[in-house]
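Residue numbers (this note's numbering): 1149 to 1446.
Inspection log for the structure reproduced underneath, given as structure tokens.
Listed below in structure tokens is the structure:
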């Protein structure tokens, strides 16, 4: 599977064009990629000298400046990593559905692979989270180019099973996050009523910038079946025999209401929301969205 993700990147990246993933607002050093943070810290790129004050770390004294000027100076550095991004991939049972041959989980891992590559290429840090009813994998954010292989490995190991519990997962996740971050949620959002709103509110209160991609199969949106069918719940042992033609209108009305509820929950938590049917060309859709997002920040 990891090799498949590498092959996907090779074909998808030329279609994507020159785009960047940026945060919508400053969140503790989380600014647009490729820009130095305004905060001063002891990092890796020299910024300037300032006079020494009692209590300063003596490791950062500039002894050459002392020899030349007979005064103590401390070296200051700029924090280089402005964007710390985590890709949250839903691997619950329902994500295994793929009426067009590509499951929602396949689509999610491909989208996550593209985003991981973009974040690393712009010099920022990316990590990955695979979850269902709990965290299954947590890859800390790093900015080294070689870290892409670690992220792709975690994505490749994801298997669709279990139920979704977003509220519990977000509580577990924030225990791992030492800094506020850009969190990108890739999920069909099939959870208990109100779970998404509670999870997003929880993350928003903690200062995280959240971007939500709702991934749904065209079959789920349209119910195109014409023969009597028994539908099976992919997360619980439930079966529903029905005539799709007879229920299609009511079904689509319910799906529209569900999608609108997800969009509203995101808006109330100041999170961007994007609905992506899994038959959408991924590089094209992502490129258009990121270009639009960048224009909105200007």
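Each residue gets a CB set at the ideal place from its N, CA and C atoms; glycine is no exception.
Item	Value
On the criterion of 16 or more Cβ atoms from any shown chain inside 10 Å, does residue 1183 qualify as buried, or is it exposed?	Its pLDDT being 42, under 50, residue 1183 is placed unreliably in this model, and the coordinates cannot settle the point.
For the segment 1346-1358 against the segment 1262-1273, are there 3 or more C-beta pairs whose distance is under 8 angstroms?	no
Is the number of C-beta pairs between the segment 1368-1381 and the segment 1345-1352 that are closer than 8 angstroms three or more?	no
Between the Cα of residue 1409 and those of 1339, 1240, 1398, 1260, spot the shortest distance and give me the residue it belongs to.	1339
In three-state DSSP terms, what is residue 1372?	coil
Whose C-alpha, out of 1353, 1255, 1344, 1306, is nearest the C-alpha of residue 1328?	1353
Here's a check: name, in chain order, each residue in its chain whose Cβ is nearer than 6 angstroms to the Cβ of residue 1180, leaving out the five neighbours to either side.	Reliability of the predicted coordinates at residue 1180 is poor, the pLDDT of 43 falling under 50, and the value obtained from them is presented with this limitation in mind. Here the set comprises 1170.
Is the beta carbon of residue 1163 less than 7 angstroms from the beta carbon of residue 1426?	no
By how many angstroms is the C-alpha of residue 1214 removed from the C-alpha of residue 1208?	12 angstroms
Is the beta carbon of residue 1334 closer than 7 angstroms to that of residue 1259?	yes
Measure how close the beta-carbons of residue 1439 and residue 1167 come, nearest whole angstrom, since I'm counting them as under 8 angstroms.	6 angstroms
On the three-state DSSP scale, how would you describe residue 1245?	coil
Using DSSP with H/G/I as helix, E/B as strand and the rest coil, what is residue 1316?	helix
Excluding the 5 residues preceding and the 5 following residue 1247 in the sequence, name in chain order all residues of the same chain whose CB lies nearer than 6 angstroms to its CB.	1365, 1367
Hey, how far is the Cα of residue 1437 from the Cα of residue 1430?	11 angstroms
Classify residue 1420 as helix, strand or coil using the three-state DSSP reduction.	strand
Do you know whose CA, among 1326, 1282, 1255, lies nearest residue 1288's CA?	1326
Determine which residues share a DSSP beta bridge with residue 1306 and list them.	In DSSP, residue 1306 forms no bridge with anything.
Quick one: what does DSSP say residue 1432 is sitting in, helix, strand or coil?	helix
From 1240, 1369, 1277, 1155, pick the residue whose C-alpha is nearest to that of residue 1403; which is it?	1369
Between which residues of its own chain and residue 1321 is the CB-CB distance below 7 angstroms, once the five residues before and five after are set aside?	1277, 1283
Tell me, to the nearest whole angstrom, how far the beta carbon of residue 1371 is from that of residue 1400; I am working on the premise that it is less than 8 angstroms.	7 angstroms
Could you give the distance in angstroms between the alpha-carbon of residue 1199 and the alpha-carbon of residue 1231?	30 angstroms
Measure the Cβ-Cβ separation of residue 1239 and residue 1306 and say whether it is below 7 angstroms.	yes
Between 1444, 1275, 1443, 1337, which lies nearest to residue 1243 when the distance is taken from Cα to Cα?	1337
Around the C-beta of residue 1308, are 16 or more other C-beta atoms found within 10 angstroms, so that it is buried, or is it exposed?	buried
Can you say whether residue 1383 is buried or exposed, counting buried as having 16 or more other CB atoms within 10 angstroms of its CB?	buried
By the DSSP assignment, the alpha helix (DSSP H) with residue 1234 in it spans what residues?	Not the alpha helix (DSSP H): residue 1234 falls in the beta strand (DSSP E), residues 1232-1238.
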